[in-house]
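A quick write-up on the structure given underneath.
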Amino acid sequence: MCEERTTIRRYREADREALKQISASCFEGVSIDHGIEKLYGPIAGKDWTWRKTQQVEDDINKRPDGIFVAEVGGTVVGFVTTQVDHARKIGRIPDLAVLPAERRKGLAGELMDAAITHLRSEGMEYVRIETLNQNKIGKHFYPKCGFRE
């Protein structure tokens with residue numbers, strides 16, 4: 181059997197809908213918007229997935245050059261977004277997601293490496309990532325990438 185080719189590359193406009201779908205499918209239970217909805221219900225008639233995908237839209241519209249995607253066999257299966265703060269020299273990683281079927285293959289690590297390399301090339305001295313306590317994957321993965329609480 182032939183292994184499918186894996187690629188980590190920069191975002192392309194054709195990736196927009198895939199990133200939104202991945203976001204909606206990967207952040208249930210670990211998104212603050214999902215937690216808010218569990219407590220208070222939908223806000224302004226919109227559910228948490230709408231709000232989460234709007235955050236991805238905002239990242240795409242603001243800094244498409246700071247987004248990297250993981251592609252397996254020509255299909256986008258994960259992504260990472262970045263933000264830079266040149267005044268503070270602190271980069272931020274708002275979102276990192278890999279579809280469940282593609283996890284535990286090293287893609288998140290490769291995406292994280294691409295994001296950190298990019299942020300350093302932008303002159304960032306520190307990189308920040310935020311996660312909630314209930315994100316079991318993040319609690320173990322982020323320290324392996326060098327992040328500290």
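First residue of the sequence shown: 181, per my numbering; consecutive thereafter.
Just so you know, even glycine gets a beta-carbon here, dropped at the ideal spot from N, CA and C.
Outcome for residue i when other beta-carbon atoms lying within 10 angstroms are tallied against a minimum of 16
| i | result |
| --- | --- |
| Leu291 | buried |
| Leu136 | Beyond the ends of the chain as shown, which are 181 and 329, falls residue 136; an answer cannot be given. |
| Ala267 | exposed |
| Glu251 | buried |
| Gly258 | buried |
| Ala277 | buried |
| Gly286 | exposed |
| Thr255 | exposed |
Proximity of residue i and residue j at Cβ, strictly below 8 Å
| i | j | result |
| --- | --- | --- |
| Gly246 | Thr233 | no |
| Ala288 | Phe321 | yes |
| Ile270 | Tyr306 | yes |
| Glu197 | Gly253 | no |
| Asp195 | Val236 | no |
| Ala224 | Val260 | no |
Separation of residue j from residue i, as counted between CA atoms
| i | j | result |
| --- | --- | --- |
| Ala281 | Asp213 | 24 Å |
| Gln201 | Met304 | 30 Å |
| Thr187 | Arg308 | 25 Å |
| Ile216 | Glu208 | 12 Å |
| Ser205 | Val264 | 26 Å |
| Glu310 | Ile296 | 15 Å |
| Cys325 | Arg284 | 15 Å |
| Gly221 | Arg231 | 13 Å |
| Ser211 | Asp227 | 12 Å |
| Arg189 | Leu279 | 17 Å |
| Arg300 | Glu193 | 24 Å |
Helix, strand or coil at residue i according to DSSP, with G and I counted as helix
| i | result |
| --- | --- |
| Asp265 | strand |
| Met181 | Because the pLDDT of Met181 is 49, which lies under 50, any placement of that residue in the model is unreliable, and the number read from its coordinates should be weighed accordingly. In this structure, Met181 counts as coil in the three-state DSSP scheme. |
| Tyr322 | helix |
| Val278 | strand |
| Gly254 | coil |
| Thr297 | helix |
Exercise for the section: List in chain order: all unbroken beta strand (DSSP E) runs of 3+ residues lying wholly within the segment 210-253. Expected result: Along the segment 210-253, the beta strand (DSSP E) occurs as fully enclosed runs of 3 or more residues at 247-252, listed in sequence order.
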